[in-house]
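Visitor: Below is one structure. I have some questions about it.
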Amino acid sequence: MNHITLTEIPRLYTGIAEWAACSIYVLNLKRKFKGLSLAAVMGIACLLQCGIQLAAGTFPKSLWIPGMLLAIGLMQAYFMFTCEVTAGSAAYYCVRSFILAEFTASLEWQLYYNAVLNTQISAVWLDILVFFIVFAAVFGGAYFLERKHIRKENITLKELLFVTATGVTVFFVSNLSFVYSNSPFSSQITKEIFNIRTLVDLSGLVILFAYHILRQEMQVKYDLEAMRNILQSQYSQYRKSGESIEMINRKYHDLKHQIAVLRAEQDAAKRLAFLDEMESEIRTYETQNKTGNSVVDTILTGKSMTCQRHEIELTSVVDGKLLNFIHVMDICTILGNALDNAIECAIQIEDKEKRLIHAEVLSKKEFVVMRFENYFEGNIRFENNQPATTKANKEYHGYGIKSIKYTVKKYNGWVTIDTKDNWFKLNVVIPLPREE
């Protein structure tokens with residue numbers, strides 16, 4: 413093989429590398445297709461990507477950049493057509509896939525070049541052997557590494573611009589020797605060209621992966637802070653409910669004096685007004701719950717009063733003593749968020765007869781089971797295995813279920829959600845502590 417042939421990576425290899433790099437992320441993201449349908453889509457994508465690269469190989473050098481942009485556009489389309497992602501997320505993973513493909517193709521061809529130089533053997537079998545070893549090792553390793561760090565997420569414009577700028581810079585510098593061989597940063601020596609291309613691509617790959625990990629760590633910190641704020645909010649509500657209940661208790665005892673006044677009142681209209689006021693106050697007192705756990709009592713009473721104001725029927729069968737081993741703030745998080753979500757959903761139902769919520773806390777074998785059910789209308793959309801927020805400010809909301817899961821996990825428990833027959837059912841299961 414001559415110098416030109418060996419320095420230029422075969423277009424077919426580049427096309428396969430681009431398709432394989434995209435497929436790593438496609439297989440780890442939420443997909444629109446399954447089984448044979450997915451296999452067919454991936455097969456067609458591979459043929460198209462390789463076809464684009466082979467066609468671009470016939471373009472004059474002046475059209476090299478447009479040819480690469482065409483290939484990148486096809487990679488973007490592959491993500492958009494196959495996965496349930498936004499255009500921004502697709503572009504984010506497209507850039508990462510492109511740099512991974514560039515590195516893999518460059519590494520494979522560099523190792524093959526060195527093998528030819530060292531063995532003086534330029535055979536098809538050697539080319540194929542190096543191809544399969546390098547592609548299997550790099551893409552196999554990338555798949556298992558990425559699967560731990562991929563989730564559906566919204567990419568901000570600033571993040572996308574940074575990743576795109578990094579990708580463009582890496583691609584330009586790594587291929588500088590092919591476009592401007594006389595620049596201070598390029599080379600005309602084949603081995604140096606390979607070293608520059610492979611090492612620059614590797615550096616870009618590491619930078620993009622490190623940035624991805626950093627993004628996720630920052631998101632985790634943000635999530636924890638948001639859940640901590642929710643927990644504090646629920647605890648504050650619990651304390652306010654306690655103060656309200658104390659006031660209700662004082663008011664209830666005042667009823668004895670009001671009854672005496674009522675007996676002495678001769679005006680029928682005033683007496684009727686007194687009775688209406690007393691009835692209202694008694695209904696408020698009746699919302700109090702006695703479950704065997706003062707924290708649970710306070711939360712249920714506070715939520716019952718909220719339901720009463722919004723004409724929501726809240727029924728509960730709760731053995732509060734089962735939750736005595738759970739920390740006060742954790743009880744506030746679980747019960748408070750679960751009931752708040754149910755109340756928020758019920759308020760949106762126009763037919764007040766259908767504003768129904770039911771809560772249960774009971775024991776099953778060696779577990780405490782908390783069930784929260786509410787009727788809903790319409791469809792519930794799920795993101796990352798949990799209901800998407802219906803609130804307008806999505807940046808600061810949507811952490812209710814997430815905070816419940818986080819809290820329950822501390823007690824080695826789990827959370828399940830069911831939405832059959834227009835009933836939203838949230839089940840929390842926590843192992844009961846063993847008696848010593």
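Mind the numbering: the sequence shown is residues 413 to 848 in this note's numbering, read in order.
Even for Gly, the Cβ is constructed at its ideal location relative to N, Cα and C.
With DSSP collapsed to three states, give me the class of T699.
Guide: Low per-residue confidence applies at T699: pLDDT is 49, beneath 50, and the placement is therefore not dependable enough to give any value.
Visitor: If you pair each beta-carbon of the segment 521-541 with each one of the segment 464-481, do three or more pairs fall below 8 angstroms?
Guide: No, because fewer than three Cβ pairs between the segment 521-541 and the segment 464-481 fall closer than 8 angstroms, the two stretches do not touch.
Visitor: Look at the alpha carbon of Y697 and the alpha carbon of A771, and state the distance between them as a whole number of angstroms.
Guide: Reliability of the predicted coordinates at Y697 is poor, the pLDDT of 49 falling under 50, and the value obtained from them is presented with this limitation in mind. So the alpha carbons of these two residues sit roughly 20 angstroms apart.
Visitor: Using DSSP with H/G/I as helix, E/B as strand and the rest coil, what is V501?
Guide: It is worth fixing the name first, because residue 501 is Ser in this sequence and not Val. Helix.
Visitor: Would you list the residues sitting across from L768 in a DSSP beta bridge?
Guide: Bridge partners of L768: E725.
Visitor: Using the C-alpha atoms, what's the distance from I842 back to V773?
Guide: V773 and I842: Cα-Cα distance of roughly 11 angstroms.
Visitor: When the distance is taken between beta carbons, is I477 closer than 8 angstroms to C506?
Guide: No, the pair does not count as a contact, with Cβ atoms beyond the cut-off.
Visitor: I want to know whether the segment 522-529 touches the segment 436-449 - three or more CB-CB distances under 8 angstroms.
Guide: These segments do not touch.
Visitor: Quick check on the DSSP output: the beta strand (DSSP E) that includes Y823 runs from which residue to which?
Guide: Run containing Y823: none; DSSP gives neither H nor E here.
Visitor: Under the three-state reduction of DSSP, which class applies to I540: helix, strand or coil?
Guide: The answer is helix: DSSP assigns I540 an H, G or I state.
Visitor: Would you kindly check if the distance between the Cβ of Y823 and the Cβ of I738 is under 8 angstroms?
Guide: Going by C-beta atoms, I738 is nearer than 8 angstroms to Y823.
Visitor: Let me check one thing: in DSSP terms, what residues is D841 bridge-paired to?
Guide: The sequence shown places Val at residue 841, rather than the Asp named in the question. Bridge partners of V841: V781 and W826.
Visitor: Just checking, does the segment 490-500 make contact with the segment 514-525 on the three C-beta pairs under 8 angstroms criterion?
Guide: No, the segment 490-500 is not in contact with the segment 514-525.
Visitor: Under three-state DSSP, which class holds S706?
Guide: Residue state, collapsed to three classes: helix.
Visitor: Sort L475, S501 and K764 by Cα distance to C434 and report the nearest one.
Guide: Of the listed residues, the one whose Cα sits closest to C434 is S501.
Visitor: Excluding five sequence neighbours on each side, which residues of the same chain lie with their C-beta closer than 8 angstroms to the C-beta of I436?
Guide: For I436, where only same-chain residues beyond five positions count, the Cβ hits under 8 angstroms are S509, L512, F551, A554, Y555 and E558.
Visitor: Secondary structure at K776, three-state DSSP: helix, strand or coil?
Guide: Three-state DSSP puts K776 in a strand.
Visitor: How many angstroms separate the CA atom of M630 from the CA atom of I813?
Guide: Rounded to the nearest angstrom, the two C-alpha atoms are 20 angstroms apart.
Visitor: State yes or no: is the C-beta of V612 within less than 8 angstroms of the C-beta of V582?
Guide: Their beta carbons are under 8 angstroms apart, which means V612 touches V582 by this criterion.
Visitor: Determine, using beta carbons only, whether I746 and M782 come nearer to each other than 8 angstroms.
Guide: Contact: yes.
Visitor: With DSSP as the reference, please indicate the residues paired to W835 in a beta bridge.
Guide: In DSSP, W835 forms a bridge with Y787.
Visitor: Quick check on R559: does DSSP put it in helix, strand or coil?
Guide: Residue state, collapsed to three classes: coil.
Visitor: Provide the residue span of the alpha helix (DSSP H) that contains G479, from first to last.
Guide: Where G479 is concerned, the enclosing alpha helix (DSSP H) stretches over W476 to T494.
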